[in-house]
Structure formats: C-alpha cells, structure tokens
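Residue numbering for the sequence shown follows this note's numbering, starting at 3 and increasing by one per position.
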Amino acid sequence: MLNNDIFSLIFLGFISYLSNFISALSGGGAGLIQLPALLFFGLPFSKALATHKVASVALGFGASIPHLKKNSLQIKYIFLILISGIPGVLLGAYTSFILPNKFSTTLLGFLTLFLSFYSFKQKKLGSSNQKIIINELRILIGSFGLFIIGFFNGYLSSGTGLFVTIWLIKIFDLSFSLAVAYTLIFVGIFWNGIGALSLGLTGNIIWSYIPILIVGSLLGGYFGAYFSIIKGSKFIKVVFELVSFSVGISLLIKALL
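See below:
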C-alpha cells in the first residue's frame, strides 16, 4: 500500500494534477490515470474507487472558476443536467450494490471507443454554438439521455463524463468548450458528489490521501479549464477523441481482469 511519506504523497499529488488537467480539457477521464495509480500502489479496487471519487469532486470546483468567469453558462442546461441526471445517479448507485458490473463495464468500454471514432469522423462536431429552439421533444430526449448517463455514473462510477459532453453537443448543438464546462462543473460537483457520498457510506475512503488528491484535483481542474478556454473547441475535440479512446481501452481491460 502507498506509504504516507512525503515523496509518495508528492507523487500522488502530481498524478492527481495530471489526470484532472487532462480531464478538464476533454470533459472527463480523470479516472484513466488517477484510479489505476491508486490500484498500482496497493489499494483494493473498492477503496481506490471510493477515494478517487471523493477527490474527483474537487475537479469540478477547480474547473468552475475559469468557466464561471467567462459567464457563458445558461440556467436551462444547468437545470436539465441536475434534474435529469441526479435521479439516474441515485438509482445507479443503489443498483451497483445488488448487480454485477462486468457486463456493463464492457459495454461502456465499447461505447466509449465508439465516441472517439464518432467524434473523429464528424469533423464539424462541436464547432458551432448555435442558439437552437429547445422544444418539448428535444427536452424529453435530452432529459432521458442524461438520466441514462447518470445511471451509469452511479452504477460504474467512472467514464461517463465524456458521454455527457458528447450528448450536450449532439442534442443542444453546444460547442465542445461549452459542453465541457457544463460537464466539469455540474457532473463533476453534483453527480460525482452523490456518487462519492454513496461510496463513502461503505467506509472505503482512505482519508489520509484525500488532502493531496484534492489539491491536485483543484489545481489540475483550474489550469486544464483555463487552458481549454484559450485553445478553443477544435483543440478540445482532439483531446476528447484521444481521452475517450484511452478510457474505452482502459474499461475493456478492467472488464477482462
């Protein structure tokens, strides 16, 4: 198990910073680096996942500062993400205690790979931010999709932020940069916060690692979000494709082990 000496904690903080910096650029995928790192240092999967989940909430707070300064978020999308996704997260968290998740992890891995290839093929995806009319059908479809993604977030606890990003782009025609902002702030803080609470109730969180992980998450989230705003949607699209491909492979490997 990872020791609490200063060098180990500094290394863990660096891993946290790097993983959350990448996640803030792409709209998800922090667990791609941080979760395997905790497993590598000897934590059982349940403890590594619970500890990672708590720390990941700090990503949302760190990333929120640059995006809120830009003042481009709209209450209608915030409301949809929260009111549609949170019930799904709660249902998924309950389901995770009574059902095996290997099949779902495999499915999520293939779907995440599909996201990468789909984004790569759609050259203009997320390149616009049109003011479309949000009619009742669009709200219904958008809400249902967010509920399903929220379910997987609570059920599997990793890899779903990328789906929220692409869903907001496809349904509401947001730019990559704006969709990532909604995902990082409202999925990162609220969805992951609920997931962290449900996992925390199991007593698996290694609290001695939380402070350094939170510092890394806050700094990584802030600078990743700041960098994404500077670089714009085209750059974020490329990062999204690379991260979603890597997350998909990681999930498939996890399902096979």
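Here a beta-carbon is modelled for each residue, glycine too, at the ideal position from N, C-alpha and C.
Within 8 Å of any Cβ in chain B, is that where the Cβ of residue i sits?
i	result
Phe119	Among the chains in the structure shown there is no chain B, since it carries only a single protein chain.
Assign residue i to one of three DSSP states: helix, strand, or coil.
i	result
Lys55	helix
Pro89	helix
Gly31	coil
Lys125	coil
Phe149	helix
Gly234	coil
Gln36	helix
Leu45	coil
Asn194	helix
Leu117	helix
Ile100	coil
Asn22	helix
Ser252	helix
Ser200	helix
Ser10	helix
Leu259	coil
Ile208	coil
Leu110	helix
Leu75	coil
In angstroms with no decimal places, state the Cα-to-Cα distance between residue i and residue j.
i	j	result
Lys239	Leu127	8 Å
Ser58	Ser25	10 Å
Lys55	Ser210	14 Å
Ile1	Gly90	Nothing can be reported for residue 1, as the shown portion of the chain is limited to 3 through 259.
Phe242	Ile100	32 Å
Ser248	Thr97	26 Å
Phe153	Pro38	23 Å
Leu253	Leu110	7 Å
Asn206	Leu199	11 Å
Gly218	Asn73	25 Å
Ile17	Gln36	6 Å
Ser121	Gly190	22 Å
Phe188	Lys123	28 Å
Ile255	Gln76	38 Å
Leu84	Phe43	35 Å
Leu113	Ile214	32 Å
Gly144	Leu20	31 Å
Pro46	Phe178	35 Å
Leu259	Lys104	10 Å
Ile156	Ile88	A small correction: the amino acid at residue 156 is Gly; Ile does not occupy that position in the sequence shown. Cα to Cα, the separation comes out at about 9 Å.
Lys125	Ile8	46 Å
Leu220	Phe192	16 Å
His69	Ile168	18 Å
Ala52	Gly202	6 Å
Ile136	Phe81	13 Å
Ser235	Tyr224	17 Å
Phe86	Ser118	A small correction: the amino acid at residue 86 is Ser; Phe does not occupy that position in the sequence shown. Going by the C-alpha atoms only, they are around 25 Å apart.
Phe229	Ser28	11 Å
Kindly give me the distance between the Cβ atoms of residue i and residue j, rounded to whole angstroms, as I take these residues to be in contact under 8 Å.
i	j	result
Ala32	Leu61	6 Å
Leu34	Val245	7 Å
Phe23	Gly222	4 Å
Thr107	Ala257	4 Å
Lys49	Ile208	6 Å
Gly30	Gly163	3 Å
Ile212	Leu92	23 Å between Cβ atoms; not a contact.
*asked:* Does the structure place the stretch 179-198 close enough to the stretch 65-72 that three or more beta carbon pairs sit under 8 Å?
replied: yes
*Inter-stretch contact (C-beta, 8 Å, three-pair minimum) for the stretch 165-181 and the stretch 139-148*: yes
*Of all the alpha helix (DSSP H) runs that stay within the bounds of the stretch 150-185, which reach a length of 4 or more residues?*
163-174, 178-184
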